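One structure below.
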Amino acid sequence: MSIEIPREEYLFSGHTGCPGCGAVLAMRHVLKGLGDKTVVAIPACCWSIIAGAFPYATLNVPLMHCAFETGAATAAGIKAALEIRGDTETTVLAWAGDGGTFDIGLQALSGAAERNDDIIFICYDNEAYMNTGIQRSSATPWKTWTSTTPANTPKETPKKDIVATMMAHHIPYIATGSVAYPADLIAKVRKAKEIRGTKFIHILIPCPPGWRHPSELTIKIARLAVLSRVFPLYEIEDGNHRVTVEPDDTRVSEYLKLQGRFRHLDETDIEVIQANVDREWSRIECLSA
Amino acid sequence: MPLRGKPTTEAEKIVFRHEAELPPMTRSMGTVLINKTGSWRYLRPVYEEKTPPCRDACPAGIDIQGFVDMLARGEPLEAWRLIRESSPLPGVCGRVCPHPCERSCNRGEFDEAISIHALERLAADRALNEGVGEEPRAPKEEERVAIIGSGPAGLSCAHFLGREGYGVTVFEALPRPGGMLRVGIPEYRLPRTVLDKEIADIEALGVSFQTGARIGDIGELADYDAIFVATGAHKSRSLNIPGEDAAGVIPGVEFLKNLNLGGKNQAGERVLVVGGGNTAIDAARSALRLGARTTIVYRRTREEMPAIEEEIEAALAEGVDILYLATPRMALVKDGRVAQVGLIKTELAEPDETGRRRPVEVAGSEFMIEADTVITALGEAPDLSFLPEHAGLSEEPREIDGTPVFGGGDAFTGAGTVVHAIASGRRGARAIISRLAGAGVAHEPPGPVVPFESVNTACFARQPAVRMPEVPVAERVSGFAEVNRGLPLTDGLEEAKRCFSCGVCNLCDNCLIFCPDIAVIRLNDSYEIDYDYCKGCGICAVECPGNVISLVEEER
Ligand SMILES: Cc1cc2nc3c(=O)[nH]c(=O)nc-3n(C[C@H](O)[C@H](O)[C@H](O)COP(=O)(O)OP(=O)(O)OC[C@H]3O[C@@H](n4cnc5c(N)ncnc54)[C@H](O)[C@@H]3O)c2cc1C
Ligand SMILES: Cc1ncc(C[n+]2csc(CCOP(=O)(O)OP(=O)(O)O)c2C)c(N)n1
Ligand code: SF4
Ligand code: SF4
Ligand code: SF4
Ligand code: SF4
Ligand SMILES: [Mg+2]
């Protein structure tokens, strides 16, 4: 993909994201793709903090904080208000963590998607409730350590398939994104901006304190997730799948071994994860053919 | 709208003195630039260019990454100019150098090393083909330097002295300048137009060449302010076997010299070459081109052969036979000319002082081979009889009759490659300048070498190296036309783009793109880190493709 990364910045330095926070980078790149005619709605999550404490702000575009469960509803409301005022141009972005998407935010998201409200909903998925201390969510993968699923009794259920959930809503555009592939992410956001209706983008976000990895490895881990097919990059336009970044022969163990939250896994666990990843990949590949 | 504007606006602290000053609803009025998050940092990223391993391995220290980058940007003439900062003979080295740089190239551990020699040659060939050369200039310094010998060491010394404005005269015993490049290395590897062009560029610097001028006594040069001795090694070692004085037994360098200078053909119909170095291979491939059936006999195995690997392969492909593990015992002479050679088989014993396994003769394994010509290539020794006393002179200068005399090249280092001779000539020029100018020449210590593990290979896709096309064997053995065709420009530019740019910033923007704290600022062609905000996460250092950014511990 040969698109230039826009030079404009819509984020200020001085925010309070942790060193190496992937969620900050995701927002930085997404806003480069959307431009300044954007309004953001953020339910409770790390980003509520990153966005700055009153009276200071991190974003250079308007942002509205909202309740944990209301990301999609708030965005849809802002969009309606803008339209009433005659502004059809401004993009409204709901920006929620996995908790605010997979769990408590799912009802509002499902409602907006079913109505096909004209918003972009982005889930930055760091696979747990990071802001409150790394509690598991339904986005936490099988066998992951979190503060509520300790290493001796790691999470027993698999990660919820949020893309399939959104597909079931028959919305016009769904995509996955990665902080390691900013050009791919920006291209997807730009495409979403041009489509009317509900657009859903799922971005996997390495979180150094929550994933127990050194801060300098954020991008490397995000890239390994894509290359090992743990988190394939693709988009679904009107039901049609297309892989946007080809993975390679990287094994899932390469991805897992850099993260403390998987340190307790044994060989068998890793084999099971590899098999699941392979199966899921062949499904996506098949749908993209 | 207080929030609009570029992120670089100075942050202002907002203070509410009375309740009345508070906004009716909590609305942000300033930016988080107020938080100087740089105070969180315990590791500090710093831009610190490092030495690429290719450059570290190049004896002449050519800025390989730099010239390859210029090629990648479509500037072959700029590439040529940059190489000439370290070596005056890119067209020669691009063809004959054993390229140790490529063995050290980090890309070699990823897929295939950058074809550095082919790119060096491409840059030089573009200058040659486009008629671009050194602008003529006259010496500006008063001091005059004499150089004895016009091989690569002498040429290099002349080049670096000439560039600094010193008047240089090169004395050469043979009728044409170039040393072994002229009389040793055959045309099919090094066309003389290339050599002539690079010598002309040195001449343009105000260097004068006196050919056919053998220096018999260094005292002849008493008028000069400094002397550089670069007379090479031209005396062939003898076989020490019965019959070696017969007609048809010729030292390799002599055979090549007579062929290369005078077009004289001393090869008969059946040639036996003794030895395993470059001279042996060149003599054999030349004899083959003169129509002889040619066999090389070497007393060790292919693994120990000191000749350049590609040359051995080319010789075999062209039909030269190589007989390993055998050595001549006597030459059988018929009518005054050698007719047969008696050989004995050898086997390898424990390693000798050169680290190679020592050959020992196998008793009772004698055999005969037909040969009307025997070319000996057992190594060459220097002839320093023009110096008052032999031992003692090295690269370290000596005063002889009040004149400082410096030595360089094969005669003193024994290194035996063109690029080592070039490096030695450059060291000589530096030493002479610091002597004549009375001041040391500043010598920047090179930075740490970038190991492969520090390259962010995720930035690169696997892609094999391009190779220079070769003239087909059947065609090339019929004459002395060049075997390797250079790279087409487009291939060369593609090849250049494969370079990792180890240790040198290539303005890829990765550090800027992946900084979560927007703390990397792009200047025109460099970057700056805003330490007011950088949290020291280290992402920039890891994501930099070529390991340009180092993380150092914060002192506080
Ligand atoms: C056949 C052959 C093939 C080779 N192939 C390769 C190769 O592929 N790659 C590689 O890197 N290296 C190769 N080499 C080695 C390389 O050529 C030498 O290492 C290099 O030329 C040494 O440079 P120099 O300047 O020290 O000496 P030389 O190149 O030997 O030059 C010395 C010059 O001094 C002159 N001279 C000597 N005495 C006097 C005197 N008293 N007065 C005036 N002039 C004098 C000589 O005539 C000669 O021209 C090869 C060598 C040979 C013989
Ligand atoms: C209704 C409600 N319940 C609980 C909370 C406390 N809370 C704030 S953020 C958060 C977790 C958010 O997790 P996620 O959406 O994954 O975002 P992250 O912090 O991981 O970025 C919780 C539980 C809340 N703000 N509101
Ligand atoms: S806890 Fe994780 S997601 Fe939250 S700010 Fe820190 S790094 Fe970012
Ligand atoms: S990749 Fe380029 S800079 Fe690195 S060692 Fe090879 S040639 Fe040199
Ligand atoms: S990526 Fe940014 S914050 Fe992290 S160390 Fe580099 S400059 Fe500092
Ligand atoms: S990441 Fe790219 S731009 Fe930054 S220092 Fe390294 S090479 Fe230069
Ligand atoms: Mg989360």
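Residue numbers (the numbering used here), protein chains in the order written: chain A, 1087 to 1375; chain B, 3 to 558. Heads up, the beta-carbon is just placed ideally off N, CA and C, and yes, glycines get one too. Here the structure is a predicted model, which means the values were calculated and not measured.
Neighbours of F1140 of chain A in chain B, taken as residues at a C-beta separation under 7 Å, are given in chain order as T28 and S30. Of the heavy atoms belonging to ligand 1, none sits nearer than 7 Å to the Cβ of F230 of chain B. Here I1281 of chain A carries a coil assignment [DSSP, helix/strand/coil]. A direct Cα-to-Cα measurement between N1362 of chain A and Y1215 of chain A gives close to 24 Å.
Closest in alpha carbon position to R43 of chain B, among A:K1118, A:F1154 and A:S1301, is A:S1301.
Between the stretch 308 to 317 of chain B and the stretch 335 to 345 of chain B there are fewer than three C-beta pairs closer than 8 Å, too few to call the two in contact. Short note on I217 of chain B: C-beta closer than 7 Å to some heavy atom of ligand 1.
In the structure shown, the three-state DSSP call for K1306 of chain A is helix.
Under the DSSP assignment, P253 of chain B falls in the beta strand (DSSP E) whose first and last residues are V251 to P253. In this structure, the straight-line span from the alpha carbon of L553 of chain B to that of E50 of chain B is close to 10 Å. Taking all protein chains shown into account, C513 of chain B has 16 or more neighbouring C-beta atoms within 10 Å of its C-beta and is therefore buried. When secondary structure is reduced to three states using DSSP, Y1341 of chain A falls in the helix class. D1270 of chain A is not bridged by DSSP to any residue. Listed in chain order, the alpha helix (DSSP H) elements of length 4 or more contained wholly in the stretch 481 to 526 of chain B are 491 to 498 and 512 to 515. For ligand 2, a non-hydrogen atom lies closer than 7 Å to the CB of A1109 of chain A. The beta carbon of N267 of chain B is closer than 8 Å to those of L261 and L292 in its chain, skipping five residues each way along the sequence. Among the CB atoms of chain B, one or more fall inside 8 Å of the CB of C1107 of chain A.
Contact check for G156 of chain B and M182 of chain B: beta-carbon distance about 11 Å, past the 8 Å limit, so the pair fails to qualify. K1274 of chain A is outside the set of residues whose beta carbon lies under 8 Å from a beta carbon in chain B. Ligand 1 approaches F388 of chain B closely enough that one of its heavy atoms is under 7 Å from the residue's Cβ. If you look at P1129 of chain A, you'll find it in the beta strand (DSSP E) that goes T1124 to P1129. Listed by position along chain B, the residues whose Cβ is nearer than 7 Å to that of L1111 of chain A are F516 and P518. Counting along the chain, A155 of chain B sits inside the alpha helix (DSSP H) bounded by residues P154 to R165. Here L79 of chain B is exposed, its C-beta having fewer than 16 other C-beta atoms within 10 Å. Counting C-beta atoms within 10 angstroms of its own C-beta, A140 of chain B has fewer than 16 neighbours from the protein chains shown and is therefore classed as exposed.
Residues of the stretch 1333 to 1357 of chain A that bring their beta carbon within less than 7 Å of a beta carbon in chain B are absent altogether. Set against 7 Å, the gap from the CB of G538 of chain B to the closest heavy atom of ligand 5 is smaller.
With a cutoff of 8 Å on beta-carbon distance, A235 of chain B and E382 of chain B are scored as near each other. Look at I1370 of chain A: its beta carbon is at least 7 Å from all of the heavy atoms in ligand 5. Residue side-chain check: T1218 of chain A places its Cβ nearer than 7 Å to a non-hydrogen atom of ligand 2. Under the rule that a run must span 3 or more residues, the beta strand (DSSP E) segments found entirely inside the stretch 284 to 343 of chain B read 295 to 300, 323 to 326 and 328 to 336. Exclusion of the five residues before and after R400 of chain B leaves V407 as the residues of its chain whose Cβ lies within less than 6 Å of its Cβ. Each of B:G427, B:C461 and B:I150 was checked against the Cα of L386 of chain B, and the nearest Cα belongs to B:I150. At the C-beta level, C517 of chain B and C542 of chain B come within 8 Å of one another. Excluding the 5 residues flanking it on each side, S1339 of chain A has same chain C-beta neighbours closer than 7 Å at I1356, in chain order. Non-local beta-carbon contacts of Y226 of chain B in its own chain, meaning distances under 7 Å to residues more than five positions away in sequence, involve R146, V147, A148 and T405 in chain order.
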